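Report on the structure given below.
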């Protein structure tokens, strides 16, 4: 852009010298200064300031209620509950509730802080000259004085309602993260200690889905069973079968070395957990002559004729045995649950 295109009022001022030469001023762009400060209604009307204070406190209270809603949603909604919500469609009720409540908790904290700053904190513009990086003692003292003045102007000390509700909202939001720690592992219940096996539950053949009878189990054969009442169509089938899966073998009673194993068997038919005690793989390889079962994952080997003790591999303990008998119909049934947790060891195991 040439000088001819610049508006005349924006051109630097000129002065004529005695010889007719033009001299440009040393500071052609003078500091225009700051516009006059216009006070807000809250600065001159204490009732308006009180209304803004109540609005800010209300937002902080809404944040606290949203945090409580987050925690309540985590307890109320089951993890597998699906609901239809327009326009999102079919969504997880738990995820939907957690997302909205946590989002609202954070939003109201931010909205309250912004409204507080725009209506109650000082809005006077302050210009300061640039200074070297290393501050002098005078500058440090000025910064501390400015900080104290800013804290006083914000009303943080005087407006206790805002201060207390803000502290409440900020203190409660982290509770959402603490509740999420629940997903790091199972709740302190007995889910890992018990299975669906109970006294009187019949042994159901996994292949035929019919009750097992003693004559169905031949010497040297390997049969897999599940508890009566469990169906492959159940939504929790995989969870329950992972603990209750059973393998049935028949050994000549005189070949059983462990006394308790013999007492818990029926005519040489013994029932042991199918879940390897190393990392929980299903055991499926059986050696008829030695009565050994082998885990295909890491080759842990158990002797079913001697209490299913470990004879090779990384497994830490023997396979749990299920005590069995025969009911009035002549079908094999459980006489209780496993006497110890199935599968790998866990730190809560006592």
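Residue numbers (the numbering used here): 1 to 350. Glycine included, every Cβ here is placed at the ideal spot set by N, Cα and C. Just so we're clear, the structure is a prediction, and the values are computed from it rather than from any experiment.
{"Item": "Alpha-carbon to alpha-carbon, residue 57 and residue 86", "Value": "32 Å"}
{"Item": "Residues that DSSP places opposite residue 225 in a beta bridge", "Value": "205, 246"}
{"Item": "Euclidean distance between Cα positions of residue 81 and residue 93", "Value": "6 Å"}
{"Item": "Three or more C-beta pairs below 8 Å linking the region 297–310 and the region 275–283", "Value": "yes"}
{"Item": "Anticipated Cβ contact below 8 Å, residue 321 with residue 261, distance rounded", "Value": "6 Å"}
{"Item": "Bridge-paired residues (DSSP) for residue 312", "Value": "301"}
{"Item": "Buried/exposed call for residue 66, threshold 16 Cβ in 10 Å", "Value": "buried"}
{"Item": "Alpha-carbon to alpha-carbon, residue 213 and residue 255", "Value": "21 Å"}
{"Item": "Range of the contiguous alpha helix (DSSP H) that encloses residue 107", "Value": "93–119"}
{"Item": "Beta-carbon spacing of residue 196, residue 324 below 8 Å", "Value": "no"}
{"Item": "Residue 48 versus residue 99: straight-line alpha-carbon distance, rounded", "Value": "35 Å"}
{"Item": "Where residue 334 sits in the DSSP three-state scheme", "Value": "strand"}
{"Item": "Segments of 3+ residues assigned as beta strand (DSSP E) that fall wholly inside the region 256–296", "Value": "269–273, 285–287, 292–294"}
{"Item": "Beta-carbon separation (whole angstroms), residue 343 vs residue 243, contact threshold 8 Å", "Value": "7 Å"}
{"Item": "Given 8 Å, three or more beta-carbon pairs between the region 329–338 and the region 300–310", "Value": "no"}
{"Item": "Endpoints, beta strand (DSSP E) assigned at residue 326", "Value": "324–326"}
{"Item": "Bounding residues of the alpha helix (DSSP H) (the contiguous stretch that carries residue 83)", "Value": "Careful: residue 83 lies outside any alpha helix (DSSP H), inside the beta strand (DSSP E) at 82–85."}
{"Item": "Alpha-carbon spacing of residue 330 relative to residue 340, whole angstroms", "Value": "27 Å"}
{"Item": "7 Å CB neighbourhood of residue 69 in its chain, flanking five on each side removed", "Value": "101"}
{"Item": "Beta-carbon proximity check, residue 53 vs residue 162, cutoff 8 Å", "Value": "yes"}
{"Item": "Residue interval of the alpha helix (DSSP H) (run including residue 142)", "Value": "137–154"}
{"Item": "Buried/exposed call for residue 350, threshold 16 Cβ in 10 Å", "Value": "Note on residue 350: pLDDT 48, under 50, position unreliable in the model; no value is reported."}
{"Item": "Cα-Cα separation between residue 3 and residue 125, rounded to whole angstroms", "Value": "With a pLDDT of only 49 at residue 3, under 50, the local geometry of the prediction cannot be trusted, and no value is derived from it."}
{"Item": "Beta-bridge partners of residue 159, as assigned by DSSP", "Value": "Paired residue(s): none; residue 159 is not in a bridge."}
{"Item": "Extent of the continuous alpha helix (DSSP H) run through residue 351", "Value": "Any property of residue 351 remains undetermined from this structure, which presents the chain solely from 1 to 350."}
{"Item": "8 Å Cβ cutoff met for residue 271 and residue 248", "Value": "yes"}
{"Item": "Exposure label - residue 167; buried when at least 16 CB within 10 Å", "Value": "exposed"}
{"Item": "Close beta carbons around residue 345, own chain, < 8 Å, minus the five adjacent residues each side", "Value": "277, 316, 317"}
{"Item": "Environment of residue 222 [buried if 16+ CB atoms lie within 10 Å]", "Value": "buried"}
{"Item": "Separation of residue 139 from residue 133, as counted between CA atoms", "Value": "11 Å"}
{"Item": "Residue 213 - partner residues in DSSP beta bridges", "Value": "Paired residue(s): none; residue 213 is not in a bridge."}
{"Item": "Outcome for residue 259 when other beta-carbon atoms lying within 10 angstroms are tallied against a minimum of 16", "Value": "exposed"}
{"Item": "Presumed contact (8 Å Cβ cut-off) between residue 176 and residue 113, rounded CB distance", "Value": "Wrong, their Cβ atoms sit about 18 Å apart, outside the cutoff."}
{"Item": "Cross-strand partners of residue 321 (DSSP beta bridge)", "Value": "272"}
{"Item": "CB of residue 156 within 8 Å of CB of residue 108, strictly", "Value": "no"}
{"Item": "Local conformation of residue 89 per DSSP, three classes", "Value": "strand"}
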